[in-house]
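Before any comments, here is the structure.
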Amino acid sequence: MSSLESDNRPGPRHVAVIMDGNGRWAQARGHPRTVGHRQGAEAVKGVVRTAGEFGVSYLTLFAFSAENWKRSAREVQDLMGLLRTFVQRELDDLRDNGVCLRVIGDRTPLPEDLQDMLARAEAQTRANRRIAVTLALNYGGRQDIVNAAQQMAQGVADGELGVDEISLQAFGDALSTSSLPDPDLLVRTGGEQRISNFLLWQCAYAEMFFIDKLWPDIGPDDVHAMVETYQHRRRRFGAIIGS
Ligand code: IPE
Ligand code: IPE
Ligand code: MG
Numbered sequence: 001m002s003s004l005e006s007d008n009r010p011g012p013r014h015v016a017v018i019m020d021g022n023g024r025w026a027q028a029r030g031h032p033r034t035v036g037h038r039q040g041a042e043a044v045k046g047v048v049r050t051a052g053e054f055g056v057s058y059l060t061l062f063a064f065s066a067e068n069w070k071r072s073a074r075e076v077q078d079l080m081g082l083l084r085t086f087v088q089r090e091l092d093d094l095r096d097n098g099v100c101l102r103v104i105g106d107r108t109p110l111p112e113d114l115q116d117m118l119a120r121a122e123a124q125t126r127a128n129r130r131i132a133v134t135l136a137l138n139y140g141g142r143q144d145i146v147n148a149a150q151q152m153a154q155g156v157a158d159g160e161l162g163v164d165e166i167s168l169q170a171f172g173d174a175l176s177t178s179s180l181p182d183p184d185l186l187v188r189t190g191g192e193q194r195i196s197n198f199l200l201w202q203c204a205y206a207e208m209f210f211i212d213k214l215w216p217d218i219g220p221d222d223v224h225a226m227v228e229t230y231q232h233r234r235r236r237f238g239a240i241i242g243s
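First residue of the sequence shown? That's 1 in the UniProt record's numbering, and the numbers climb one at a time after it.
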C-alpha cells in the first residue's frame, strides 16, 4: 500500500501503551533506575501532545502495575514522587490543551496527598474533549475483571440484576474502562512481547505493536509509526473481509 493510500485509512481512536524500558535506559547509561523513570515522564509529555495531533481520541498509559509493588521500596517511592511532580507541573498545560485526565486502578494504597492530587486533576480536566488520557496506576487486568464480577454478583444478591442480564455489555460496563471504547492498538515498548496483566478484557481484538526502543527514547516519529502501522492492519473481528 502506498503511504498516500494508508493516509486515507482511519488511524487508531484508542491507543493503549505499556511504557516499558525505563530501568534499562538508565542502566545502559550507568544511572540509577529512577533517572530512567524521570526521562520516561518527559517522553509521556511528548507522546500525549503528538497523539492528539494525530487524531488519537483516547490514550491509555500503563504507569504502574498491580505487580510493580514487588520492586524495591525505594523505586516505588521514587515512582510515586515522580507522579506527584508530573501532575503538579503538567496539570495547567494538560487542562489548557484539552486533555481529560483520568486514573484507573486501585488508588487506595497510594499516598493520600497523591490521591487528592489525582482527584483534583480529574475534576479540573473533566470537561475537556480533545483527548482522554487515562493513567493506569496500581492497575491489573485480572483485578479489573474480578472487581466487575464482584460488582455484578452484588447486584444479583441485592435483587437488582438478573443472572441472565450478565452480558458482554454489562460486564464491559462494570469494568474501570466503561467510559472508553476498546483499544484499537496496544503498543509495548522495550522489546518484551507480553501483556503483563494490562487491559486483558479490553484488548480482545486490539492490534498489537511491539517496539524494541526503550520508553524514554520514544518521540513524535514513533507515534507516527504507531499510527501508520495501525493503518496497514486489516481488522476482521472474526469475519471474512477482502483485503
Ligand atoms: C517501565 O519501565 C516503567 C514501570 C514499570 C513503572 P521499567 O521500570 O519496567 O524498565 P525496565 O523494563 O526494567 O527496563
Ligand atoms: C509493565 O512493565 C508495567 C508497566 C509498564 C507499568 P513491567 O516491566 O512491570 O512488566 P514485566 O515485569 O516485564 O512483565
Ligand atoms: Mg519493565
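Note that CB positions come from ideal geometry on N, CA and C, so glycine has one too. Here the structure is a predicted model, which means the values were calculated and not measured.
- The region 95-109 makes no contact with the region 27-45; the number of CB pairs closer than 8 Å stays below 3.
- Within the same chain, Cβ atoms closer than 8 Å to the Cβ of ASP106 are found at ALA66, ASN138, TYR139, GLN143, the five residues on either side in sequence being excluded.
- Assignment of HIS224 by DSSP, reduced to helix, strand and coil, places it in the helix class.
- Between the alpha carbons of TYR58 and LEU91 lies a distance of about 18 Å.
- If you keep only unbroken alpha helix (DSSP H) runs of at least 4 residues inside the region 111-184, you get 112-125, 141-157, 168-174.
- When the beta-carbon positions are compared, MET117 and VAL76 stay at least 7 Å from each other.
- Taking non-hydrogen atoms of ligand 1 into account, the C-beta of ASN138 is found less than 6 Å away from none of them.
- DSSP places ARG102 inside the beta strand (DSSP E), whose first and last residues are 99-104.
- In this structure, ligand 2 has no non-hydrogen atom nearer than 6 Å to the beta-carbon of SER179.
- Shown here, VAL15 sits in a strand according to DSSP, grouped into three states.
- Here the distance from the Cβ of ASN197 to the nearest heavy atom of ligand 1 is not below 6 Å.
- THR60 has ALA16, THR134 as its beta-bridge partners, per DSSP.
- Under the DSSP definition of a beta bridge, SER65 partners with TYR139.
- In the structure shown, GLU192 falls within a coil segment according to DSSP collapsed to helix, strand and coil.
- Cβ neighbours of ALA132 within its own chain (closer than 6 Å, five residues either side excluded): TYR58, CYS100.
- Pairing ASP78 with THR189 gives a Cβ-Cβ distance that is not under 7 Å.
- A direct Cα-to-Cα measurement between ARG84 and GLY238 gives close to 43 Å.
- Three or more Cβ pairs closer than 8 Å define a contact, and the region 198-205 falls short of that threshold against the region 221-230.
- Beta-bridge partners of LEU83 (DSSP): none assigned.
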